[in-house]
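711 is the number that the UniProt record's numbering gives to position 711 of the sequence shown; each next residue is one higher, with no gaps.
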Amino acid sequence: MKFSEQWLRGWVNPQVSRDELVARLSMAGLEVDSVTPAAGQFSGIVVGEILATEQHPDADKLRVCQVSNGQETFQVVCGAPNARPGIKIPFAMIGAELPGDFKIKKAKLRGVESFGMLCSAAELQISEENDGLLELAADAPVGQDIRQYLSLDDASIEIGLTPNRGDCLSLAGLARDVSALYNVPVTRPVVPAVPAAHDEVRPVEVSAPAACPRYLGRVIRNVDLSRPTPLWMVERLRRSDVRSIDAAVDITNYVMLELGQPMHAFDLAEINGGIRVRMAEEGEKLVLLDGQEVALRADTLVIADHTRALAIAGVMGGEHSGVNTEKTRDLFLESAFFEPISVAGKARSYGLHTDASHRYERGVDSQLAREAMERATALILETVGGEAGPIVEAVSEQHLPQVAPVTLRAERITQMLGMQMDPAQVEQLLNALELTTTANGAGQWTVNVPSHRFDISLEVDLIEELARLYGYNNLPVRYPQARLAPQGKPETRGDLPNLRRLLVARGYQEAITYSFIDPKLFELFSPGVEPLLLANPISNDMAAMRASLWPGLVKALQHNLNRQQDRVRLFESGLRFVGQLGNLEQQPMIAGVVTGSRLPEGWANGRDGIDFFDVKADVEALLGYSGALSDFTFSAGKHPALHPGQTALIERDGKPVGYLGAIHPELAKALDLDRPVFLFELVLGDVVEGRLPKFSELSKFPETRRDLALIAGRDVASSAVLELIRDNAGEWLTDLRLFDVYQGKGIDPDRKSLAVGLTWQHPSRTLNDDEVNTTLQNILTSLEQRLNTTLRK
């Protein structure tokens, strides 16, 4: 929000300097981004009038002008194309100083003497326009100092507002806050109702009342748009970074800046029938004021007549129904309240961003439309003439925002601010913001929230208002006090920081990516799944909530690969979002992405690339952190983002907890990845849930080991073989290892050889061969019966 300091002081004028005002606004949460002088530093420049001009005898592009300062006439040589008799312009007389320490002296240009200089807006650093002299109003007083005439001892102040403070996107809202900060009165412009001079109306039909609960329209006939916008209004708009176009558009922009209500003026002759506020038809075409043609979507609210769309509601009007200074004679003035969610993101989705959409997305006072209509009507009649008709209003009270009273407790104020605040001061500060307070006794108030403060609904919102008006810098500094009872830490549960350290120790680096991703990327990793879309995304490629951490990690991987980082190991912990609103699950996950060589480059390290089992070792280290690795099983699985032959489903006690595998070739091709990339993702809650370790005394008796070479079916999982062996090996089995897998010469092509080592140890005696052999026979019998697995011969 950018505004003129003088304009603000016309509403509320605390007796403080500009620097102090700027500092206080920033401390009150209205952070000032910049303060820019309205013009450069100059002196000795007055309003001049060109009385006569003639061609320079020796230069085609120069004119010799006779210029009056109200007392004398001076000869000035000027090259501006718009220098002509009868116009009033800034006249720098001899001795004047222009910005940049440029002093005006008597000069001779191509043999003709010149006693001064006629100035453009750029030369005075008023604006960047340098295509001719700055033409002043016809009634400008000749001889008056130009700084005084244009009120140039002013500054444009730009405030960076947080999205919840849409009420301060206007002079009225800023003045309200400044009034509360300094306890000085606000002088609002008087806005009387404009009586109807004729009875012409255009009917208004609202078929989407939830998106547009209030719509006002008024016909203004016989306007003369050839009349210029008043200079004072043009200057206020310019200092608010709004370009002057014509009187009708300038007035609607001015009212938007002044009161905070976006408005629009239509050419009445281009409206067929009445006004219909409706949802667009899918693919419906509209040429906007900026000249681009858009194909509207069915979720877009539009202002239409009985034959076509006229404007995207709350965003931008159409070109064909816009005001034209040459042909427009009658206006249809619009003032409406659009529900913020219905407007949010629509401008961005069409590649637009307008002052109106900026305000509607953040919220506009639902009760302001009529006052703004009356204000704009009065300014139009005053500036370009015309006759106003009656106001037509369509309103759906049930869809208008309803603000409930908020209870405020003195005890809660003390608790949150660390100080007791005098009840009279509480009421004074809140009343200054037009928050009506009613004392209930026992240190409580009932606060009625006005319609312009749509960001206040809770007690803490009111306490925040008290804190910023009182001054954050004035709040006492105290150490927090609390009675803290020691809490027991579950010994069976690990913690995330240790998991992070474990992965870092294994060569990974932690990444933090956005929780919202491109819907196209969402579809690549989770095809067929409906994404949870944001109502008001930062951008179109950040519109969907992630259902996996992989998309963000893969984008980070691409970023590193594009910068010649060939060995990348990244991990991230964060939430994934599964389902839609009302049935949304936010699940903490830990995930990783790996590519490149197995070991860092070095003279002692090989150059072998990473493979599936290297990443599996990292995953097993995570799963084993809490001492419950044996609870997890790996089996062949399927995932749309992973390679069909290199995907492992990870389960704990039969419940899926994650996936591990190589990226799917089609996905790698779509993402332009030309190297092996491996991914893993685990449910964090299952990873940190461990098992309480138990002490067991070391046996002093010797171990007994047997190695078995087994022939199993090619499709038999080695984990199933090991699990069956473990179930039948007895309670004294201390170690079971798979140390070789072989397929090839000497083995049936449909089978494979598995070599396993079994170790037994008894805590109180030496095991004899008969016991071990009996156990081995039981194992072999079970393997043959259940898995068709036999001893290799």
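By construction, the Cβ of each residue, glycine as well, lies at the ideal position given by its N, Cα and C atoms.
Under the three-state reduction of DSSP, which class applies to residue i: helix, strand or coil?
i      : result
Ala617 : helix
Cys212 : coil
Ser240 : coil
Phe701 : coil
Pro195 : coil
Met279 : strand
Trp732 : coil
Thr781 : helix
Pro390 : strand
Gly132 : coil
Asp250 : helix
Trp603 : coil
Asp355 : helix
Gly166 : helix
Val741 : strand
Arg706 : strand
Pro480 : coil
Val285 : According to the sequence as given, residue 285 is Lys; it is not Val. Note: Lys285 maps to strand in three-state DSSP.
Ile126 : coil
Tyr514 : coil
From what residue to what residue does the alpha helix (DSSP H) around residue i run?
i           : result
Pro588      : Pro588 -> not in any alpha helix (DSSP H); beta strand (DSSP E) instead, spanning 585 to 595.
Lys555      : 550 to 561
Leu724      : 718 to 728
Ser4        : Note, Ser4: premise wrong, no alpha helix (DSSP H); beta strand (DSSP E) at 2 to 4.
Ile413      : 410 to 417
Leu21       : 18 to 27
residue 830 : Missing from the structure shown is residue 830; the chain here goes from 1 to 793 and no further.
Val343      : 340 to 343
Met373      : 369 to 384
Among the options, which residue has its Cα nearest to the Cα of residue i?
i           : options                        : result
Ser17       : Glu5, Trp11, Ile517            : Glu5
Leu722      : Asp748, Ser630, Phe678, Arg227 : Ser630
Arg506      : Arg359, Asp618, Gly606, Pro57  : Asp618
Leu679      : Gln564, Gly552, Asp566         : Gly552
Met27       : Arg359, Asn473, Ala208         : Asn473
Val343      : Met316, Asp330, Leu333         : Met316
Ile725      : Asp707, Tyr742, Tyr182         : Asp707
Gly624      : Arg110, Val77, Leu499          : Leu499
Gly386      : Ala196, Ile312, Arg202, Leu136 : Ala196
Ala38       : Pro640, Ser156, Lys108         : Ser156
Phe525      : Leu417, Val426, Leu642         : Leu642
Ala729      : Val772, Gly690, Lys745         : Val772
residue 867 : Lys745, Thr704, Pro676         : In this structure the chain extends from 1 to 793, so residue 867 is not present and cannot be described.
Trp445      : Arg84, Glu282, Gly471, Ile413  : Ile413
Along the chain, where does the beta strand (DSSP E) that runs through residue i open and close?
i           : result
residue 856 : A question about residue 856 goes unanswered here, because the residues of the chain that appear run from 1 up to 793.
Val178      : Per DSSP, Val178 belongs to no beta strand (DSSP E); it is in the alpha helix (DSSP H), 171 to 182.
Phe634      : 632 to 636
Ile89       : 88 to 98
His643      : 642 to 652
Gln66       : 63 to 68
Arg569      : 568 to 578
Val186      : Val186 -> no beta strand (DSSP E), and no H or E assigned at all.
Arg110      : Unbroken run through Arg110: none, as it is neither H nor E.
Lys346      : Element bounds for Lys346: not the beta strand (DSSP E) but the alpha helix (DSSP H), 346 to 349.
Under 8 Å by Cβ, that's how I've got residue i and residue j pegged, so tell me the actual separation to the nearest angstrom.
i      : j      : result
Glu158 : Ser34  : 5 Å
Val67  : Gly143 : Actually they do not touch by this definition, with Cβ atoms about 11 Å apart.
Ala193 : Glu374 : 6 Å
Phe74  : Leu124 : 19 Å between Cβ atoms; not a contact.
Leu469 : Leu181 : 6 Å
Ala709 : Arg792 : 4 Å
Examine chain D for any beta-carbon lying closer than 8 Å to the beta-carbon of residue i, and answer yes or no.
i      : result
Gln646 : Going by chain labels, chain D is absent from the structure shown, which holds only one protein chain.
What residues in its chain sit with their C-beta under 6 Å from that of residue i, if we drop five residues either side in the sequence?
i           : result
residue 863 : No answer is possible for residue 863: it lies beyond the span of the chain, which begins at 1 and ends at 793.
Leu684      : Pro588, Met589, Ile590
Leu698      : none
Leu521      : Pro551
Among the residues of its own chain, which have a CB less than 8 Å from the CB of residue i, if the five just before and after it don't count?
i           : result
Asn788      : Ala712, Gly713, Val716
residue 797 : The chain is shown only over 1 to 793; residue 797 falls outside these bounds and no answer can be derived.
Leu733      : Arg726, Leu758, Thr759, Trp760
Val741      : Ser718, Lys752, Ser753, Leu754, Ala755
Met421      : Ala410, Ile413, Thr414, Leu466, Tyr470
Skipping 5 residues on each side, what residues in its chain have a beta carbon closer than 7 Å to that of residue i?
i      : result
Asn164 : Asp455
Pro537 : Gly345, Phe516, Ala543
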